[in-house]
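All the letters of the sequence shown, read from the start, carry residue numbers 84 to 329 under UniProt numbering.
For reference, the structure discussed in these notes is given below.
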Amino acid sequence: FGRNVVILESTTSTQEEARLLAEQGAAEGTLVISEEQTGGRGRMGRKFHSPRGKGIWMSLILRPEQPLHLTQQLTLLTGVAVCRGIQKATGIQTDIKWPNDLLLSGKKVCGILLESAAEDDRVRYCIAGIGISVNLKEEDFPEELRPIATSLRLAGGQALNRTVLIQHIMYEMEVLYKLYNEQGFQAIASLWEALSGTIQREVKVQSQRGVVTGVAIGLNPSGALLVKVDGDIVPVYSGDVEFHTR
Ligand code: BTN
84 FGRNVVILES TTSTQEEARL LAEQGAAEGT LVISEEQTGG RGRMGRKFHS
134 PRGKGIWMSL ILRPEQPLHL TQQLTLLTGV AVCRGIQKAT GIQTDIKWPN
184 DLLLSGKKVC GILLESAAED DRVRYCIAGI GISVNLKEED FPEELRPIAT
234 SLRLAGGQAL NRTVLIQHIM YEMEVLYKLY NEQGFQAIAS LWEALSGTIQ
284 REVKVQSQRG VVTGVAIGLN PSGALLVKVD GDIVPVYSGD VEFHTR
C-alpha cells in the first residue's frame, strides 16, 4: 500500500479525490495525500480541521472481497494500523476509542472515516480516510477544539516527520489487511481489543437506536461494540462513545 501515491497541495477533501480515482479504476493501495483540506470531513457530517502542513490528511483506496455490511471491520482494522504505525514511528502510544478515534490522554489525535461504494451488498471500493494531527501547536486548533483535541507534537514535545509516519502506517495497513484476508476478522478484533481504551469501561453510546449505557466488553464478529446493560449484552453498530464516570 502507498506505492502509488498522489500528493496534492490543497483539496477540499482527499476522500473526494480518492473516490474519483477509484471510479477511474485506480488499484487497491492507491493513496491520496494533501498538505491541506479546505473541506475536511468527519463522521456524521462533521467538519475535520485539516490545516496546511501540520498533519497527515490522506485517503487509501481498498477493494475488499467482503460484503458491504462488514465494512465496519475495516474501520477497526484501520484504527489498529494507525495506532501501531504511530507507536512504531514515534514511540507514542495512543488509545483506540470505538469505533475509530485515536486518543492521547483522553483527547482526540486522529480520526478515521471509512466510506464505501457498493451495488446491493457487493462492495465496489472503500476509501479509508485518515486524519492525524501531527505537528499542530495549541494555537493551530480553533478555540472550540482545544479542550478535546491534541497533536502528536503536543504529546511528544517535538515536531515529527510525516513521511516516516505515513510509511509505517502504510506498512501496518498492508500487514493487517493481509492477515484479515487470510485469517478473518477475529485476528484483527483481538488486536483491537488489546489496544482499545474502550473495553471494560463504563460507556454511554449515542447509537441510531437511542442511548445505550453500560460496560463495553468487546466486539462481535461483525465489529459491533458489545455493551453489557443490566445483564443483557447489546451490540452497537454505529454511534459515538462517551466515557462514563460515576
Ligand atoms: C472523524 O473524526 O469523524 C473522521 C475524520 C476523518 C478525517 C480524514 S482526513 C483525510 C480524509 N479526508 C477527509 O475529508 N476526511 C478524512
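The beta-carbon is built from N, C-alpha and C at its ideal position, and this holds for glycine as well.
For Arg86, same chain residues with a beta-carbon under 8 Å away, outside a window of 5 residues either side, are Gly112 in chain order. Relative to the ligand BTN, the nearest heavy atom lies less than 8 Å away from the CB of Gln98.
In the displayed model, Tyr208 falls within a strand according to three-state DSSP. Cβ neighbours of Ser216 within its own chain (closer than 6 Å, five residues either side excluded): Gly138, Val192 and Ser234. Membership of Gly136 in any beta strand (DSSP E) is not indicated, and neither H nor E is assigned to it by DSSP.
Checking the DSSP bridge columns, you'll see Met141 partnered with Ile116 and Ile213. In this structure, Gln120 has its beta carbon less than 8 Å from a heavy atom of the ligand BTN. The nearest non-hydrogen atom of the ligand BTN is 8 Å or more from the C-beta of Ser93. Beta-bridge annotation (DSSP): Arg124 is paired with Lys130.
Of the residues Gly280, Gly168 and Gly194, the one whose Cα lies closest to the Cα of Val298 is Gly280. Counting other Cβ atoms within 10 Å of its Cβ, Glu100 reaches 16 or more and is therefore classed as buried. In chain order, Leu160, Val163, Ala164 and Ile271 place their CB closer than 7 Å to the CB of Leu259, counting only its own chain and leaving out the 5 sequence neighbours on each side. The count of Cβ pairs closer than 8 Å, one atom from the segment 88-98 and one from the segment 121-139, reaches three, so the stretches are in contact. Going by beta carbons, Lys311 and Val317 fall inside the 9 Å limit.
Excluding the 5 residues flanking it on each side, Val247 has same chain C-beta neighbours closer than 7 Å at Ala172, in chain order.
Contact between the segment 129-143 and the segment 210-229 is present, with at least three C-beta pairs closer than 8 Å.
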